[in-house]
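Student: The structure follows.
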Amino acid sequence: MSEPAHAGGTVDDIADGIKDEPGATAGVSTGTAARRLGVSPITLRSWDRRYGIGPARQDGRHRRWTPADLAVLDVMCRLTAAGVPPAEAARAARERRGGPPPPPVPVPEESAPSVRRPGSGPELPLGDVRLECRGLSRAALRLDAPVVDELLTSFVEEYGLVRAWEDLMMPTLRAVGRRWASAGDKYVEVEHLLSWHVSSALRRVPAAPPARTGAGPVLLACVPGEQHTLPIEALTAALAERGLPTRMFGAAVPATALDEAARRTGPRAVVLWSQSRSTASRPLARHIAAGSWGVRGARGSAEVMLAGPGWAGPPVPGLSRPHGLRDALATLTRLYGTEHEGRPPCPPHVALPTSW
Numbered sequence: 001m002s003e004p005a006h007a008g009g010t011v012d013d014i015a016d017g018i019k020d021e022p023g024a025t026a027g028v029s030t031g032t033a034a035r036r037l038g039v040s041p042i043t044l045r046s047w048d049r050r051y052g053i054g055p056a057r058q059d060g061r062h063r064r065w066t067p068a069d070l071a072v073l074d075v076m077c078r079l080t081a082a083g084v085p086p087a088e089a090a091r092a093a094r095e096r097r098g099g100p101p102p103p104p105v106p107v108p109e110e111s112a113p114s115v116r117r118p119g120s121g122p123e124l125p126l127g128d129v130r131l132e133c134r135g136l137s138r139a140a141l142r143l144d145a146p147v148v149d150e151l152l153t154s155f156v157e158e159y160g161l162v163r164a165w166e167d168l169m170m171p172t173l174r175a176v177g178r179r180w181a182s183a184g185d186k187y188v189e190v191e192h193l194l195s196w197h198v199s200s201a202l203r204r205v206p207a208a209p210p211a212r213t214g215a216g217p218v219l220l221a222c223v224p225g226e227q228h229t230l231p232i233e234a235l236t237a238a239l240a241e242r243g244l245p246t247r248m249f250g251a252a253v254p255a256t257a258l259d260e261a262a263r264r265t266g267p268r269a270v271v272l273w274s275q276s277r278s279t280a281s282r283p284l285a286r287h288i289a290a291g292s293w294g295v296r297g298a299r300g301s302a303e304v305m306l307a308g309p310g311w312a313g314p315p316v317p318g319l320s321r322p323h324g325l326r327d328a329l330a331t332l333t334r335l336y337g338t339e340h341e342g343r344p345p346c347p348p349h350v351a352l353p354t355s356w
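Quick note: the sequence shown, position 190, residue 190 per UniProt numbering, numbers continuous.
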C-alpha cells in the first residue's frame, strides 16, 4: 500500500475523501465532523462561535458540515497544531474557503524558533485510511486523552467492535508504532497513551448473557516473552460480546503456567498469541495441543489456534492459524455452535489479507 507524500493528506484530500460517503451532499453532523478531525464537538462549536469557522449551510436548527466546511476545519486544525494562535488560524482557514490555500501565517520573530511552519506539524504515516482514523491519530499526538477516549467509544458504538478494531484502532496503532520505530523514544508516550485507551475501550464492550454450552472456555494467552496483548484483548472482547466463555491471561505466560491453566480450566480452545517470530515456539504449541485433562475415560483436549504474525511460515499440522480477528472469531464461534443464537454477527467486510 503506497502512502501519500504528506501522511496527513491535503485539504483537498479531506474534502474529496467524503464526497462519496453516505449523506456527504447534505453534510454531516457536528459529532461526525469532530470524530473525523480528532477534536471534541465542544471545540467545533467554540470555533464557530468565536471565529466564524462554522457550516456554510444550515439544516433547520442543526449544523451540517459539508466537504468544503470540513476542508476549512482541517486547515484550522493543522494551523493550531503547528502552534499558530487560534484567531490567526481562523483567518487563514476562512480565506481558504473562498479560494486557493492561504499563504503561511506570519509568526512574530521572537517566537519563530518554537513554532513549526503551518501544516508541518507532526502527522502519523497512516496511508489510505478512514478520515476518523486521522482524527484519532491527531488526538493521540496531542496527548488529548479525553478526546481519544471519546473517539474510541464512539467508533465501537457506531461501527461495532470488529470493524472499529480493523478499520480504526489497528491502523492508528500501527502508524504510532512505525513513527516510534523511526524516531527512537520520541513518540513512546503517544503509543502508551493510545494503547491504554484502546485497551480501556475494549474492556468496556458489553458482554452478552452466557451462551448455552457445556464446553470449556477459550483460553487466551501470549506465549512466553511476548508482551503485545491488544489483539487478543480485542478477540476476548468480541467473544464476550457473543456470550462465549473466556479466560484471558495476558502477556508473557510461562509454559508451565499455560499447562496448569489448561489442566484447571479444561478449555474448548487455546489461542496462543505471538507478535514476532522470536517469541513463536512451535514445540510449545505442539505440547499444548497434545495435552489432555479430565477423569480417566472422559479426557478432553483443546483446539489450538496460533494467532499473530509471529507464527508466519510453514503451518503446524493440526493447528489452525487465523488470518485476523474476523477469521479467529468466526472459527471459535463455530466451535461452540452459536452462530445462529442471536449473537452479534461477524459483519461482511473487505479488509487487508491479515487484519491483526
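We put the CB at the ideal spot given by N, CA and C, even for glycine. Predicted, not measured: the structure shown is a model, and the values here were computed from it.
1) Helix, strand or coil for Glu303? Go by DSSP, reduced to three states.
2) Using the C-alpha atoms, what's the distance from Asp69 back to Thr279?
3) Using CA coordinates, which residue listed in Pro85, Thr172, Arg247, Glu303 is at the minimum distance from Arg50?
4) Pick helix, strand or coil for Ser278, following the three-state DSSP scheme.
5) Return the residue from the list Pro67, Pro146, Ala307 that minimises the CA-CA distance to Ser40.
6) Out of curiosity, what's the CA-to-CA distance linking Glu260 and Arg174?
7) Using DSSP bridges, identify the partner residues of Cys247.
8) Using the DSSP secondary-structure output, state which residues sit across from Arg138 in a beta bridge.
9) Just the C-alpha distance for Arg334 and Pro210, rounded to the nearest angstrom, thanks.
10) To the nearest angstrom, how far is it from the Cα of Ser281 to the Cα of Gly324?
11) Which term fits Arg203, buried or exposed, when burial requires 16 or more other beta carbons within 10 angstroms of its beta carbon?
12) Which residue or residues does DSSP assign as beta-bridge partners of Leu272?
13) Compare the Cα-Cα distances from Arg138 to each of Gly54, Ala34, Leu235 and report the closest residue.
14) What residue from Ala90, Val28, Leu44 has the CA that sits closest to Trp65's CA?
15) At 3 residues or longer, what runs of the beta strand (DSSP E) sit wholly inside the UniProt domain "HTH merR-type" (29–95)?
16) What number of angstroms, rounded off, separates the C-alpha of Gly266 from the C-alpha of Leu332?
17) By a C-beta neighbour count over all protein chains shown, 10 Å radius and 16 as the cutoff for buried, is Gln227 buried or exposed?
18) Pick from Pro245, Cys222, Ala238: whose alpha carbon is nearest that of Leu272?
19) Give a yes or no on whether the C-beta atoms belonging to Thr256 and Met248 are separated by under 8 Å.
20) Cα separation between Trp47 and Gly54?
21) Hey, out of Val176, Ala289, Val316, whose CA is closest to Glu303's CA?
Tutor: On the basis of the data shown:
1) strand
2) 48 Å
3) Pro85
4) Shown here, Ser278 sits in coil according to DSSP, grouped into three states, outside any helix or strand.
5) Pro146
6) Distance between the alpha carbons of Glu260 and Arg174: 34 Å.
7) Contrary to the premise, residue 247 reads as Arg rather than Cys in this sequence. According to DSSP, which records beta bridges pairwise, Arg247 is partnered with Leu219.
8) Beta-bridge pairing links Arg138 to no other residue.
9) 16 Å
10) 19 Å
11) exposed
12) Ala221, Leu306
13) In this structure, Ala34 is the residue among Gly54, Ala34, Leu235 with its C-alpha nearest to the C-alpha of Arg138.
14) Val28
15) Considered as a whole, the UniProt domain "HTH merR-type" (29–95) harbours 57–59, 62–64 as its complete beta strand (DSSP E) runs of no fewer than 3 residues, in chain order.
16) 16 Å
17) exposed
18) Cys222
19) no
20) 7 Å
21) Ala289
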